[in-house]
DNA sequence: TGGCTGATGCGA
DNA sequence: CGCATCAGCCAA
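Residue numbers (the working numbering): 3 to 203.
Next up, the structure:
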């Protein structure tokens, strides 16, 4: 088993990391129940020159504090009062970059994920979209700041899957109109022709 | 196509 | 303090 460690997370180029995360496997083990699947959609947020990033212009609050931690920890926050969005912190300490994981292709213990979602269908809505995906995996704000390198609660694995650049679709990120011109940055990445990604906008 | 939902982080 | 604002989702 090849668990991604700090040498993967603590690199400078968060856009590159966001692309490489496609095809990696995300797992959680929560309440003794192990669930997970393959990452098929990500979004990148960079501390520099990106007004969509919660930590833009060195903005430092209780919520964003974890973003300044060295790469390899979870940043989970509540969105629209309902959804728990799961981000991976990257780069070195005080360079607050993050990758939002937006969708996975379900693989392990699918029936547990269905139960958490209150669905019994084998449809993309099970794990497509950041709120839905987190719910399926059992990720909540309680996991704010947890390490992703211990292989215990939340972790990522490299299982040798390589997604070539011609099989990656880059497009603008969703729901960040407030970011002005930065909303145009093509920092949303998905695997081409994969049915488990969320709908294009 | 709206309504739901609540923490967050601004400005008084 | 109050209040606008969300890195969405689901039922219609």
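Beta carbons: idealized from backbone N, C-alpha and C, even for Gly. Since we're looking at a predicted model, the values are computed, not measured.
- Residue 84 sits exposed, since fewer than 16 C-beta atoms from the chains shown fall within 10 Å of its C-beta.
- Counting only unbroken stretches of 3 or more residues, the beta strand (DSSP E) elements lying wholly within the stretch 133-202 are 156-159, 170-173, 190-193, in sequence order.
- Exclusion of the five residues before and after residue 74 leaves 8, 11, 150, 151 as the residues of its chain whose Cβ lies within less than 6 Å of its Cβ.
- Per DSSP, reduced to three states, the secondary structure at residue 129 is coil, with no helix or strand assignment.
- Pairing residue 175 with residue 29, the inter-Cα distance amounts to about 24 Å.
- Residue 43 carries a strand assignment under DSSP once its states are collapsed to helix, strand and coil.
- In this model, residue 119 and residue 138 are separated by some 6 Å (Cα to Cα).
- Setting aside the 5 residues that flank it on each side, residue 116 is surrounded in the same chain by 122, 128, each with a C-beta closer than 7 Å to its C-beta; the list follows chain order.
- Taking a cut-off of 8 Å for Cβ pairs, the stretch 165-180 and the stretch 85-98 do not touch, as fewer than three such pairs fall below it.
- The C-alpha of residue 65 is placed about 18 Å away from the C-alpha of residue 46.
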